[in-house]
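In this note's numbering, the protein residues as written are -16 to 125.
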C-alpha cells in the first residue's frame, strides 16, 4: 500500500543531485579560469618589472662608463626602444633620462633622473611597470 505512493521519489533525488553537481562543476571551472588569469598577470608583471630594471641598468652603464671618473652627461637623452623588447617578451621599453644641474654655476655637477616604463601583454592582460632611479655625479665638470 505504501509502495505505490513512493514511486518516482528516486527520480526527483537524482535530478536534484545532478543539478547540484553541475552547479558545483561550473563554479570550479570559473575558479580555475580566475586562477589562470591571475597567474598570467603575475608572470607578465614580473617580466615588465625586470625589463624596466634592465632599462635603468642600461642607462646607468651609459652615464657612468667603466674607467671614467665623471658621468657622461651627454649620454643623458631620451631613448625609445633602445633595449630589444622581444628579449623580455614585452611590447615596449621607454627609457627617459633627465639631466639636472646643481651646485656652482661655473662648473656644475649633475643629478640624473632615469625612468623606464615597460609594457608587457596585450588586451586584458596588458601590464605596465615603471621604475625611477636617481643618480648623482660626485665630481664637477670643469
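Cβ coordinates follow ideal geometry from the N, Cα and C atoms, glycine included. For clarity, every value in this text was computed on a predicted model and none was experimentally measured.
- With respect to residue 59, residue 73 sits apart: the two C-beta atoms are not nearer than 8 Å.
- For residue 115, the closest alpha carbon among the candidates 121, 24, 101 is that of 101.
- With a beta-carbon spacing of about 6 Å, residue 46 and residue 55 fall inside the 8 Å limit used to define contacts.
- Beta-bridge partners assigned by DSSP to residue 76: 101.
- Listed as beta-bridge partners of residue 82 by DSSP are 95.
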